[in-house]
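In the numbering used here, each residue's number is its place in the sequence shown (first place is 1) plus 255. So the structure is just underneath, and the comments pick up after that.
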Amino acid sequence: MELIQLTSDYEMKPFDCGDAALNGFLCDSAKPFSEYRLAKTYLLCDGRFAVSLQYRGRGIGSKLLDIIKRRLKRDIGDSQFRFLTVDAYLDAVPFYERNGFRKLTPTREQGDTQAMYFDIQSVIET
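Listed below in structure tokens is the structure:
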């Protein structure tokens, strides 16, 4: 697996995760956010997380989440950042639970999502 930084001149390839809104975000809306990463300052807002249908079931989503959690722990540290939160689609809740996220409330939120959180301090640095 190779991670590449999204830049404003990167040519996006077609992406299909099975959800038109997520596909559209990556292809149409994600590039402007690439401008907001300055040095070791992170802007985390309105992010989306999805794996292409052709790569599902290979552990890629879990590996990516692990990279994100470790990078946040390393670059931001315990003192500035504690929780990573997601509004998980209901069918994705088991995936997030397997990756250490917990439900923020015992019942689901309004609509089709469940608020969940992960404690960055629980990441063990290697």
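Just so you know, even glycine gets a beta-carbon here, dropped at the ideal spot from N, CA and C.
Boundaries (first-last residue) of the alpha helix (DSSP H) holding residue i
i, result
"leucine 277", "275-279"
"phenylalanine 350", "348-353"
Inter-residue spacing [alpha-carbon to alpha-carbon] between residue i and residue j
i, j, result
"glycine 355", "aspartate 342", "15 Å"
"aspartate 367", "leucine 345", "6 Å"
"arginine 313", "serine 307", "11 Å"
"glycine 279", "glycine 316", "19 Å"
"isoleucine 323", "isoleucine 375", "10 Å"
"threonine 362", "valine 348", "12 Å"
"glutamine 369", "leucine 339", "14 Å"
"leucine 320", "arginine 303", "12 Å"
"arginine 311", "phenylalanine 270", "13 Å"
"tyrosine 291", "lysine 268", "With a pLDDT of 46 at tyrosine 291, under the threshold of 50, the modelled position of this residue cannot be trusted; read the value that follows with caution. Using only the alpha carbons, I get a separation of about 22 Å."
"alanine 275", "aspartate 264", "23 Å"
Boundaries of the beta strand (DSSP E) in which residue i is found, first to last residue
i, result
"leucine 339", "338-344"
DSSP beta-bridge partners of residue i
i, result
"tyrosine 372", "Thr340, Arg357"
Integer-rounded CB distance, given that residue j should sit under 8 Å from residue i
i, j, result
"valine 378", "arginine 325", "6 Å"
"lysine 328", "glutamate 380", "6 Å"
"arginine 357", "methionine 371", "6 Å"
Neighbourhood of residue i by C-beta distance below 7 Å, restricted to the same chain and skipping five residues each side
i, result
"glycine 273", "Leu308"
"threonine 360", "Ala370"
"phenylalanine 350", "Gly316"
Chain-order list of residues whose beta-carbon lies under 6 Å from that of residue i (same chain, five-residue window excluded)
i, result
"phenylalanine 251", "Because residue 251 is not part of the residues shown, which for the chain are 256 to 381, the question remains open."
"leucine 277", "Arg303, Ala305"
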